[in-house]
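Asker:
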Amino acid sequence: MKACTGKYFRQKNTSPFGVGCSVFLLIFSVLFSTEARAQQNKEDLPSPRGAFFRSLAVPGWGHYYAENDNWNRGKYHLAGEVVLVLSYFGLNARANYLEQDYFTFAEARANTSLSGKSRDFIIAVGNYDNLAAYNDAQLRTRNWDQVFPETAEYQWSWESTQHRFQYQDARERVERNRSQLPTLVALMVANRLVSGISAFIHARDLVENTPEASFSYVNTFGQPGITANLRFNF
Numbered sequence: 001m002k003a004c005t006g007k008y009f010r011q012k013n014t015s016p017f018g019v020g021c022s023v024f025l026l027i028f029s030v031l032f033s034t035e036a037r038a039q040q041n042k043e044d045l046p047s048p049r050g051a052f053f054r055s056l057a058v059p060g061w062g063h064y065y066a067e068n069d070n071w072n073r074g075k076y077h078l079a080g081e082v083v084l085v086l087s088y089f090g091l092n093a094r095a096n097y098l099e100q101d102y103f104t105f106a107e108a109r110a111n112t113s114l115s116g117k118s119r120d121f122i123i124a125v126g127n128y129d130n131l132a133a134y135n136d137a138q139l140r141t142r143n144w145d146q147v148f149p150e151t152a153e154y155q156w157s158w159e160s161t162q163h164r165f166q167y168q169d170a171r172e173r174v175e176r177n178r179s180q181l182p183t184l185v186a187l188m189v190a191n192r193l194v195s196g197i198s199a200f201i202h203a204r205d206l207v208e209n210t211p212e213a214s215f216s217y218v219n220t221f222g223q224p225g226i227t228a229n230l231r232f233n234f
């Protein structure tokens, strides 16, 4: 029997045996290269777990990692994160500015320093015209543990009730601004979780929908022959 060698194919031979060898080698090379490419693509596919943890760190990163030419969903998460972070720092900066403003106002109009004072004292300064009025109210309601010592450190006396109202309004604005900060933090956490789950699912779908190619020297009937398989998952 003639061997199917390279020398044989270099000859101009159109015999059935030569044609069969040519077809066999062509099919073999195509299937081998297809299987190699499928295996290489499978190794290059993103890890769903890696996509999840990347989006936990930076929303949208997992989508970009999974498919950098199709990560529109990730862009929305990233944009949302930018807005939330800027809002957080903006509100916090505004609250700090307003706090410093009413600290200075209290020092100028009530002749008292709020630096290092407790929250209870800061609230009391806004609710009463002076220390004597505050302590008297606590004694009448028997809240003896809330009485402040009558020392120069704790003394205050507003020039007018209107000034006290201005101070109280500024303090409440600071409280409102700072009360929104935990909500923004919760939204940032939720955005990371949703982005991570979405990136995980996207990467998992890419892995599961990768076409697989294989071939065998034995056909489906168990007889010698070539069987080629190319599978697509939808």
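Here the sequence shown stands for residues 1 to 234, where the numbers follow this note's numbering. Virtual Cβ for every residue (Gly too), placed ideally from N, Cα, C. Here the structure is a predicted model, which means the values were calculated and not measured.
Using 8 Å as the cut-off, can you tell me whether the segment 112-123 makes contact with the segment 191-198, which would need three or more C-beta pairs spanning the two stretches below that distance?
Answerer: no
Asker: Using C-beta distances below 7 Å, list every residue in its chain close to LYS75, excluding the 5 sequence neighbours before and after it, in chain order.
Answerer: GLY60
Asker: Judging by CA-CA distance, which residue of ARG204, PRO182, PHE105 is the nearest neighbour of ASP169?
Answerer: PHE105
Asker: Tell me whether the beta-carbon of ALA51 lies closer than 8 Å to the beta-carbon of PHE200.
Answerer: yes
Asker: Let's see if you can read the secondary structure: which residues bound the alpha helix (DSSP H) around LYS117?
Answerer: Here LYS117 belongs to no alpha helix (DSSP H), and DSSP marks it neither H nor E.
Asker: Compute the beta-carbon to beta-carbon distance between TRP156 and ASN111, rounded to the nearest angstrom, for a pair I have assumed lies under 8 Å.
Answerer: 7 Å
Asker: Between which two residues does the alpha helix (DSSP H) harbouring ASP235 extend?
Answerer: One cannot answer for residue 235 here, as it falls past the ends of the chain, which runs 1 to 234.
Asker: Mapping the DSSP letters down to three states, classify ASN70 as helix, strand or coil.
Answerer: coil
Asker: Are there three or more Cβ pairs, one per stretch, closer than 8 Å when the segment 168-186 is compared with the segment 128-140?
Answerer: no
Asker: I'd like the span of the alpha helix (DSSP H) that includes TYR134, first residue to last.
Answerer: Its alpha helix (DSSP H) spans residues 131-140.
Asker: Going by the CB atoms, is the gap between LEU206 and ALA66 shorter than 8 Å?
Answerer: yes
Asker: Locate the alpha helix (DSSP H) running through PHE52, then write down its first and last residues.
Answerer: 48-57
Asker: How many Å lie between ARG173 and ASN68 at the Cα?
Answerer: ARG173 and ASN68 have their alpha carbons spaced roughly 44 Å apart.
Asker: Give the secondary structure of SER157 by DSSP, where H, G and I count as helix, E and B as strand, and everything else as coil.
Answerer: strand
Asker: Can LEU184 and TYR97 be called in contact, C-beta distance under 8 Å?
Answerer: no
Asker: Could you tell me which of MET188, ALA203, TRP158, GLN166 sits nearest to ARG109, measuring between CA atoms?
Answerer: TRP158
Asker: Leaving aside the five residues before and after PRO46 along the sequence, list all residues of the same chain whose C-beta is less than 7 Å from its C-beta, in chain order.
Answerer: TYR65, ALA66, ALA203, LEU206
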